[in-house]
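Colleague:
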Amino acid sequence: MKNSRCLVGTAGWSIPAVYRPSLPAAGSQLERYAARLSVTEINSSFNKPHRLETYECWARSVPDHFRFSAKLPRAVTHERRLEGCDDLLDVFLGQVEGLGAKLSLLLVQLPPSLRFEPETVKNFFTMLRAKTDRRLVCEPRHPSWFDPEAETLLSRLHVGRVAADPAPVPAAAMPGGWRELAYFRFHGAPRVYYSDYEADQLRDIGERLAEISASAAEVWCIFDNTARGYALGNALSVDAAVRQMTFSSRNARPLATRSYPNALQSTVR
Numbered sequence: 002m003k004n005s006r007c008l009v010g011t012a013g014w015s016i017p018a019v020y021r022p023s024l025p026a027a028g029s030q031l032e033r034y035a036a037r038l039s040v041t042e043i044n045s046s047f048n049k050p051h052r053l054e055t056y057e058c059w060a061r062s063v064p065d066h067f068r069f070s071a072k073l074p075r076a077v078t079h080e081r082r083l084e085g086c087d088d089l090l091d092v093f094l095g096q097v098e099g100l101g102a103k104l105s106l107l108l109v110q111l112p113p114s115l116r117f118e119p120e121t122v123k124n125f126f127t128m129l130r131a132k133t134d135r136r137l138v139c140e141p142r143h144p145s146w147f148d149p150e151a152e153t154l155l156s157r158l159h160v161g162r163v164a165a166d167p168a169p170v171p172a173a174a175m176p177g178g179w180r181e182l183a184y185f186r187f188h189g190a191p192r193v194y195y196s197d198y199e200a201d202q203l204r205d206i207g208e209r210l211a212e213i214s215a216s217a218a219e220v221w222c223i224f225d226n227t228a229r230g231y232a233l234g235n236a237l238s239v240d241a242a243v244r245q246m247t248f249s250s251r252n253a254r255p256l257a258t259r260s261y262p263n264a265l266q267s268t269v270r
């Protein structure tokens with residue numbers, strides 16, 4: 002494994018009762034969560050704005066090494082569909098910058114109906130790049146985003162394409178675009194947001210993440226199956242597995258390398 006990081010967390014930081022004994026008893030939910038995991042995805046920013054002071058409070062609540070990703074608002078991606086949203090981006094960025102250096106990247110999740118239009122994509126990400134130096138990842142869901150033209154443009158713009166489970170098309174199971182950053186979102190399957198991942202699936206995910214860490218500078222793994230509280234348990238299991246494999250890789254022979262295009266194929270059901 003190269004000198005890379007594999008970071009595991011959940012969308013949000015809710016702590017279901019069953020996992021409370023696994024975390025410190027004192028502190029806010031975010032403080033307790035951050036004692037065990039090192040990243041989280043702020044998903045609530047998609048549906049509602051948060052004040053600058055709220056983001057600043059969150060940043061103060063976590064250790065120096067902790068990092069956030071934040072999801073762009075629905076108004077940008079689903080309502081204006083990446084066009085004419087200069088004003089919305091200014092408002093959002095003015096708020097989320099309250100996280101300071103602990104804001105690691107921004108997530109752009111697109112509606113399934115939004116086709117890949119090269120000029121729109123180029124203009125949007127160029128504009129966003131001019132406003133922020135945060136790293137960018139995009140989760141497209143229309144099939145038109147998974148062809149060589151889209152892949153080349155995202156790579157040129159230094160935008161990582163999210164790997165998703167369940168995948169809307171087979172290619173969506175693997176990360177794409179800018180390969181220095183790999184970002185995985187496990188939404189739960191077969192029932193999105195509700196389904197749990199079984200122990201053998203979690204072991205497989207951990208192994209594949211460790212392998213992908215050999216080619217990407219940083220790997221994020223976010224569990225979004227939060228509706229029944231499974232996300233935190235899944236994240237804790239995979240985080241422990243990745244830590245163990247990272248330790249083992251420093252003291253034993255490297256993991257056998259599998260073909261990168263099939264990196265997560267067995268997790269797509």
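In this note's numbering, the protein residues as written are 2 to 270. Glycine residues also receive a C-beta, built at the ideal position from the N, C-alpha and C atoms.
Classify Glu80 as buried or exposed, calling it buried when 16 or more other Cβ atoms lie within 10 Å of its own Cβ.
Modeller: One-based indexing of the sequence shown puts residue 80 at position 79. Glu80 comes out exposed.
Colleague: Under the rule that 16 or more other beta-carbon atoms within 10 Å means buried, what is Arg136, buried or exposed?
Modeller: Translated into the one-based positions of the sequence shown, residue 136 becomes position 135. The residue is buried, with at least 16 neighbouring Cβ atoms inside 10 Å.
Colleague: Expressed to the nearest angstrom, what Euclidean distance is found between the alpha-carbon atoms of Ala12 and Glu118?
Modeller: Here the question's residue 12 lines up with position 11 in the sequence shown. Here the question's residue 118 lines up with position 117 in the sequence shown. If you take the alpha carbons of Ala12 and Glu118, they lie about 29 Å apart.
Colleague: Where in the region 150 to 231 do unbroken runs of the beta strand (DSSP E), each at least 3 residues long, occur, reported from the N-terminal end onward?
Modeller: Listed in chain order, they are 160 to 162, 164 to 166, 182 to 187 and 219 to 224.
Colleague: State the Cα-Cα distance for the pair Trp179 and Ala102, rounded to the nearest angstrom.
Modeller: For the purposes of this step, residue 179 is identified with residue 178 of the sequence shown, where counting begins at 1. For the purposes of this step, residue 102 is identified with residue 101 of the sequence shown, where counting begins at 1. For Trp179 and Ala102, the distance between alpha carbons rounds to 22 Å.
Colleague: Drop a sphere of 10 angstroms on the beta-carbon of Thr127, count the other beta-carbons inside from all chains shown, and report buried for 16 or more, exposed for fewer.
Modeller: Here residue 127 refers to the residue found at position 126 of the sequence shown. Exposed, by the Cβ-count rule.
Colleague: How big is the Cα-Cα spacing for Pro176 and Pro191?
Modeller: The count along the sequence shown starts at 1 and reaches residue 176 at position 175. The count along the sequence shown starts at 1 and reaches residue 191 at position 190. Rounded to whole angstroms, Pro176 to Pro191 spans 20 Å at the Cα level.
Colleague: Which one of Ala217, Val109 and Pro144 has the shortest CA to CA distance from Leu83?
Modeller: Counting from 1 along the sequence shown, the entry for residue 83 is found at position 82. Of Ala217, Val109 and Pro144, the residue nearest in Cα terms is Val109.
Colleague: Would you decide whether Ala228 is buried or exposed? Buried here means 16 or more other CB atoms lie within 10 Å of its CB.
Modeller: By one-based count along the sequence shown, residue 228 stands at place 227. Exposed is the call here.
Colleague: With which residues is Val40 paired in a DSSP beta bridge?
Modeller: By 1-based counting over the sequence shown, the position of residue 40 is 39. Answer by DSSP bridge pairing, in chain order: Gly10 and Arg68.
Colleague: Hey, how far is the Cα of Cys222 from the Cα of Ser196?
Modeller: Taking the sequence shown and counting its residues from 1, one reaches residue 222 at position 221. Taking the sequence shown and counting its residues from 1, one reaches residue 196 at position 195. Rounded to whole angstroms, Cys222 to Ser196 spans 17 Å at the Cα level.
Colleague: Looking only at its chain, what residues have a beta carbon closer than 7 Å to the beta carbon of Asn48, apart from the 5 residues adjacent to it on each side?
Modeller: The residue labelled residue 48 in the question sits at position 47 within the sequence shown. Cβ neighbours of Asn48 beyond the five flanking positions: Arg75.
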